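First comes the structure, then the notes that go with it.
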Amino acid sequence: MYDVDARTAKRDGRLRDSGRLIRFEFEGHSFPLVPPNVFYDWLYLTAIYPHREWLKERIVMQERFAGFTDIEFNPSKSINCQARSCALFVALTERELLDEAMASPEAFIKIVKADDDSSIAKENENRLAL
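What the sequence shown shows, in the numbering used here, is residues 1059 to 1188, in sequence order.
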């Protein structure tokens, strides 16, 4: 499905007929299903990471964004949210963990693993609740 458009991918019969999802695989790396957002967040942060200095200057330093929203997000249809990914970017940047997290998918998964006791997870949820 990597080479087809989104609409075609969403309608592919293998999504219904091939059994339960067990993981995501991308560019030779496996991503677990838990935490549920880790694969989407990795893709999102990988896309914006080359612009991290520009983003850091505007989002973290100048404007000091306290929260984000995604008007297209519908929790009954999806678990992934751009606002959550942006909040994660800010949390990792403020904690000076962004470069370490983006060094590899394995490092990213380890650092952002959603844990109720995780200060990053809690800060991320606080930013979404605003």
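All C-beta atoms in this analysis are idealised placements derived from N, C-alpha and C, irrespective of residue type, glycine included. Nothing here was measured: the structure is a model prediction, and the numbers come from that model.
Around the C-beta of residue i, are 16 or more other C-beta atoms found within 10 angstroms, so that it is buried, or is it exposed?
i	result
Phe1084	exposed
Val1096	buried
Pro1163	buried
Tyr1102	buried
Just the C-alpha distance for residue i and residue j, rounded to the nearest angstrom, thanks.
i	j	result
Leu1188	Arg1081	Caution applies to Leu1188, whose pLDDT of 49 falls short of 50 and renders its modelled position unreliable; the value that the coordinates give is listed next. Roughly 32 Å between the two C-alpha positions.
Asp1063	Ala1124	34 Å
Lys1068	Glu1115	37 Å
Lys1023	Phe1126	Here the chain covers residues 1059 to 1188 and nothing more, so residue 1023 does not appear.
Ala1165	Cys1139	21 Å
Val1170	Leu1073	27 Å
Asn1132	Gly1071	23 Å
Thr1104	Thr1066	24 Å
Asp1195	His1087	A query on residue 1195 cannot be resolved here, the shown segment of the chain reaching from 1059 to 1188 and no further.
Ser1143	Met1059	23 Å
With 9 Å as the threshold, decide whether the Cβ of residue i is near any Cβ in chain C.
i	result
Leu1103	Judged by its chain identifiers, the structure shown contains no chain C, having just a single protein chain.
Using only CA atoms, which one of the options lies nearest to residue i?
i	options	result
Glu1130	Ala1141, Gln1120, Arg1122	Ala1141
Arg1078	Thr1066, His1087, Leu1091	Leu1091
Phe1147	Asp1128, Gln1120, Lys1168, Trp1100	Trp1100
Identify whether residue i lies in helix, strand or coil by the three-state DSSP scheme.
i	result
Glu1085	coil
Thr1066	helix
Tyr1107	helix
Arg1142	helix
Ile1080	coil
Tyr1060	coil
Ala1189	Any answer about residue 1189 is impossible in this case: the structure gives the chain only from 1059 up to 1188.
Met1160	coil
Within 8 Å, do at least three Cβ pairs link the segment 1144-1160 to the segment 1109-1119? At 8 Å Cβ cutoff, the stretches touch.
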